[in-house]
Structure formats: structure tokens, C-alpha cells
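Trainee: Okay, here's the structure, questions in a sec.
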Amino acid sequence: MTLATEQANICQTTMDVEDYKPKGFWIFKWLYNWTASSPAMLRAVEKKILSFLKTPYRGFFVDIGPAIGESDKIWTVSLNTDSKEIPLVMLHGLGAGVALWVMNFDALAKDRPVYAIDILGFGRSSRPKFSNDALTCEKQFVKSVEEWRREMNINNMILLGHSMGGFIASSYALTYPDRVKHLILADPWGFPEKPSEALTSKQIPFWVRAIAYALTPLNPLWALRAAGPFGQWVVQKTRPDIMRKFAPTIEDDIHLLPQYIHQCNAQNPTGESAFHSMMESFGWAKHPMIYRIKDVRQDIPITFIYGSRSWIDSSSGEKIKSVRGNSMVEIKTVTGAGHHVYADKPDVFNRYVNETCDLYKKTPTLIRESTESDEEHDVSLPPTSARGQRIEESVEAESEASTTSTADTRK
Numbered sequence: 001m002t003l004a005t006e007q008a009n010i011c012q013t014t015m016d017v018e019d020y021k022p023k024g025f026w027i028f029k030w031l032y033n034w035t036a037s038s039p040a041m042l043r044a045v046e047k048k049i050l051s052f053l054k055t056p057y058r059g060f061f062v063d064i065g066p067a068i069g070e071s072d073k074i075w076t077v078s079l080n081t082d083s084k085e086i087p088l089v090m091l092h093g094l095g096a097g098v099a100l101w102v103m104n105f106d107a108l109a110k111d112r113p114v115y116a117i118d119i120l121g122f123g124r125s126s127r128p129k130f131s132n133d134a135l136t137c138e139k140q141f142v143k144s145v146e147e148w149r150r151e152m153n154i155n156n157m158i159l160l161g162h163s164m165g166g167f168i169a170s171s172y173a174l175t176y177p178d179r180v181k182h183l184i185l186a187d188p189w190g191f192p193e194k195p196s197e198a199l200t201s202k203q204i205p206f207w208v209r210a211i212a213y214a215l216t217p218l219n220p221l222w223a224l225r226a227a228g229p230f231g232q233w234v235v236q237k238t239r240p241d242i243m244r245k246f247a248p249t250i251e252d253d254i255h256l257l258p259q260y261i262h263q264c265n266a267q268n269p270t271g272e273s274a275f276h277s278m279m280e281s282f283g284w285a286k287h288p289m290i291y292r293i294k295d296v297r298q299d300i301p302i303t304f305i306y307g308s309r310s311w312i313d314s315s316s317g318e319k320i321k322s323v324r325g326n327s328m329v330e331i332k333t334v335t336g337a338g339h340h341v342y343a344d345k346p347d348v349f350n351r352y353v354n355e356t357c358d359l360y361k362k363t364p365t366l367i368r369e370s371t372e373s374d375e376e377h378d379v380s381l382p383p384t385s386a387r388g389q390r391i392e393e394s395v396e397a398e399s400e401a402s403t404t405s406t407a408d409t410r411k
């Protein structure tokens, strides 16, 4: 199959998901045709991926106010919210979104509430401009998670973060320890200190270091956007393993995953720019977490879940365990899994997470007060925000003229 033929098939698949034709000046049409991306297309492909879930879910925007931008909203997917168990809150990694947890939601939400969010600057959440300062960016991410928690009226939670999400989750636990019952870090990024230049020079060929140096000013996923309508093709060709990972769950629609990743990252990359500000080269953080996580309150247990084949340095977990004294630190390794441990071996990953969450199964927690209205309907209303207003839900408008606001739901 030629590149032109394959790209034509990709474009046809994209438009099959949702026949979206933006209106406006010619420049906007040109940009649309080049990037082949839009919030509506991202929404459509996400919805199709989540349609493979067996557990009913709800999707809605949470208005967190002027956390970073003028009016920020965080896209949220929730499952089993009627459960009174302590909720599990999930933070994705760089360039990802809530739909990539599709192989985990059913198992993890069986006995407890589960909330997954698109981190601010990613996925369907707002994309405000972050600071260029590493520590300020980190604080902004943490603030957005806390504002989301406040609006959701969640008293405390089991906080799980993958990769960059693990870095943010750790910083959140340092800042708001009263809200974290247990910290689960899945192959977390940003923990070890960057090795010396002499060491890395011996390990990495000169031509690789030269290219990396040349690309340093650019965001990590710039090539995806530069490829325009070829972005999905780039994902398919550079990461064919992604389709293999999700094939058992999404059956014959394996092209949905490259399309979803393309749609997540073809838009204004403000979250990615913030990550770029926090990173030292790609693999390390300017302010490594390994020197700080020892200060997480001692009564907060930490569980590390590493992939045995991951590029992430798993020795950080052992070092942290040695300096946290009597505090509970568990280290679990998933044999055969790479960095995307939740997708490489989802059954093992889900079992490890459930075993951790089950430690608190007999601890009751009230997420929100039930009402007669909630109990009489199959789809419950979103919780009332801390500011006394209903949380703003996703707009499922069939046309630009529609002003009806409803939530993404599946029963």
C-alpha cells in the first residue's frame, strides 16, 4: 500500500468518526485541512473508544475557574460513583488522555468510584498558557488538580499517576497530604537526577546527541503537529505497538488509538510546553522528585509499579524506600511490560492497583450527598461544586446554534 493510499484511508476513517466541517475564514479552513484535527473530532474518537467499556460511565467538564487561564475546565470521566468506597483518581502521562485507560476502567471501578481526568493542557481539557519556569509549571498543574478535587467535593482519594502524571501526583501529595490516602506511581517520570554528561556521552552515540541538542528548543511531540494530516500515519508507523496493545479491547477498530493520540496532540500544546519547561532533556526533570518525595507525610503509603522493560530508571523506588524509614513503600514490577505498564499487561496492572485500593475497602467515605432526584434517574446529576454551582457539563450540540448542555453518558 502506498503512502498516498494509506493516508487517504486514514482521512476517510477520520471523517467517518464525525463529519465535521468548520466554518470561517479561509485561513481557518486551511489550518483545519492541514492539521485534520478539532475538538469535535477528538470528542468523537474518544467516545468510540470508551464505547467498548462494560461499565456505565459519565463524561463531563468540571469548571475550576481561573486556575491558570481566565476560565479553565477539566474533562472528567467517572465510573461507579454510587459506591461509598474511597475513590481512585487517575492522572495520565504526557500526550495521553482519559481514553487510554480503557483497558483498566472496568476492573478498577468494580468495587469503588473511579475518576480519570484530562490533565489541564491535554486532551479535552482547557489549554491555558503555563509559565516558562519549571517549578511554577509544577505548581500550576498541582493547583489545577486541587481545584478539580474541591469542585468535585472529594474529601480524600487514592491518587494514581502514570509517567508525567506520577510526577504531578507526587507533587500534589507533598502539597496537599490531607487529601491523599495512598499514592500509586506507575512508571513515574522525573524522579532520578540526570546522569553526568561524561556518563551519557559514553552511552549515547554522537549523532543521537547532536540531533537531541538540535531539537531541544522544540516540544517533544512537535513532529506530530508538523506532519499535519499525516499525524495519524506517523503514530501508526512509529508506534505500531500501540495498536497491538489495545487490540484485545477495541477489537477491529485498532486505528482508533493512533487517531486518538493524534487528535490529543494536534491541538494547541500548552500542557506539552509546560512539560518541556519542567524537563532536563527528555528523560529527566529539572527538579528531580527523588530529593523531595522523602518529605511526603510519613503516614501516606506509596506504591511503585514499574515495567520490567521500561526505559524509566526503577532504582528510584528502592532509594525512596530506604529513606522513608517506617513509612510503607511497596515496589511492584510487571514482568514483560514497558513504560506503558497499564496497557502492556493490563490484567497484572489492574490486580496490583486493586490490591492496593482494597486495603481501604472497609473505610467509608462520602463523596457527596444523595438526593431523591439522583436516585430516581439512571443518570445522576453531577455533584454540586464547592462554589455552590452545578459543574458545567460537556456540550453535545448537534449544531453551532444549539445551546443544550448534557453529559457524555453510556449505559
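If you're matching positions, the sequence shown starts at 1 in full-length UniProt numbering and goes up one per residue. Heads up, the beta-carbon is just placed ideally off N, CA and C, and yes, glycines get one too.
If you draw a straight line from the alpha carbon of S131 to that of K139, how long is it in whole angstroms?
Mentor: Each residue's alpha carbon lies about 10 Å from the other.
Trainee: Going along the chain, which residues of its own chain have a beta-carbon closer than 8 Å to the beta-carbon of D83, five neighbours each way excluded?
Mentor: With the sequence shown as reference, residue 83 is identified as Ser, and Asp is not the correct amino acid for it. D111, R112, P113, listed in sequence order.
Trainee: Determine the direct distance from the alpha carbon of I250 to that of G338, and round the result to whole angstroms.
Mentor: For G338 and I250, the distance between alpha carbons rounds to 20 Å.
Trainee: Buried or exposed for E355, going by 16 or more other Cβ atoms inside 10 Å?
Mentor: E355 comes out exposed.
Trainee: What number of angstroms, rounded off, separates the C-alpha of R351 from the C-alpha of Q267?
Mentor: Between R351 and Q267, the C-alpha separation is close to 35 Å.
Trainee: Just list the residues that DSSP pairs M279 with in beta bridges.
Mentor: For M279, which the question treats as bridged, DSSP gives the partners A285.
Trainee: For Y360, collect the residues of the same chain with a Cβ closer than 8 Å to its Cβ; drop the 5 residues on either side in sequence, then sort them by chain order.
Mentor: Excluding residues within five positions, the ones whose Cβ falls inside 8 Å are E85, I86, I158, K181, H182.
Trainee: Is R124 buried or exposed, if buried means 16 or more other CB atoms sit within 10 Å of its CB?
Mentor: Answer is buried; the Cβ neighbour count reaches 16.
Trainee: Sorted by chain position, which residues of the same chain lie with C-beta nearer than 6 Å to S170's C-beta, five sequence neighbours on each side aside?
Mentor: Closer than 6 Å at Cβ, skipping near neighbours: M289, I293.
Trainee: Going by CA-CA distance only, name the one from M152, E147, F122, F275 that's closest to G190.
Mentor: Considering only alpha carbons, the answer is F275.
Trainee: Pull up the CB-CB distance for V142 and I168, whole angstroms please, since I reckon it's below 8 Å.
Mentor: Confirmed, about 7 Å.
Trainee: Assuming the contact rule is C-beta atoms closer than 8 Å, V102 and L160 should be a hit. Round their C-beta distance to whole Å, please.
Mentor: Incorrect: roughly 15 Å between the Cβ atoms, too far for contact.
Trainee: Can you tell me the Cα-Cα spacing of N104 and Y176, whole angstroms?
Mentor: If you take the alpha carbons of N104 and Y176, they lie about 26 Å apart.
Trainee: Check whether the Cβ atoms of K48 and D253 lie closer than 9 Å to each other.
Mentor: In this structure, D253 lies closer than 9 Å to K48 by Cβ.
Trainee: Grouping DSSP H, G and I as helix and E and B as strand, with all else coil, what is A44?
Mentor: Looking at A44 - three-state DSSP - the assignment turns out to be helix.
Trainee: Nearest to N326 by CA position, among K319, T333, Q298, is which residue?
Mentor: Comparing Cα positions, the closest option is Q298.
Trainee: Ordered along the chain, which non-local residues of its own chain (more than five positions away) have a Cβ less than 7 Å from that of L256?
Mentor: Hits under 7 Å: V45, K48, I49, I250.
Trainee: Assuming A186 and V341 make a contact with CB atoms under 8 Å, what is their CB distance in whole Å?
Mentor: The Cβ separation is near 6 Å, so the contact holds.
Trainee: Pull the bridge partners of W75 from the DSSP assignment, please.
Mentor: According to DSSP, which records beta bridges pairwise, W75 is partnered with F61.
Trainee: Look at I302 and E330 and say whether their C-beta atoms are less than 9 Å apart.
Mentor: A contact, by the Cβ cut-off of 9 Å.
Trainee: Where L79 and P56 are concerned, what is the direct C-alpha to C-alpha distance, given to the nearest angstrom?
Mentor: Approximately 6 Å between the Cα atoms of the pair.
Trainee: Look up M103 in the DSSP assignment and say whether it is helix, strand or coil.
Mentor: Here M103 sits in coil by DSSP.
Trainee: Cβ atoms of S316 and P188: under 9 Å apart, would you say?
Mentor: For P188 and S316, yes; Cβs fall inside 9 Å.
Trainee: Please state if the CB of D344 and the CB of K245 are separated by a distance shorter than 9 Å.
Mentor: Going by C-beta atoms, K245 is nearer than 9 Å to D344.
Trainee: Looking only at its own chain, which residues have a Cβ that is under 7 Å from the Cβ of V62, when we skip the five neighbours before and after it?
Mentor: Contacts found: K73, I74, T76, W148, E151, M152, I391.
Trainee: What are the start and end residues of the beta strand (DSSP E) that includes F304?
Mentor: Per DSSP, F304 belongs to the beta strand (DSSP E) from 302 to 307.
Trainee: Determine which residues share a DSSP beta bridge with Y115 and list them.
Mentor: Answer is S78, V89, bridged to Y115.
Trainee: Taking the continuous beta strand (DSSP E) assigned at I331, which residues delimit it?
Mentor: Residues 329 to 334.
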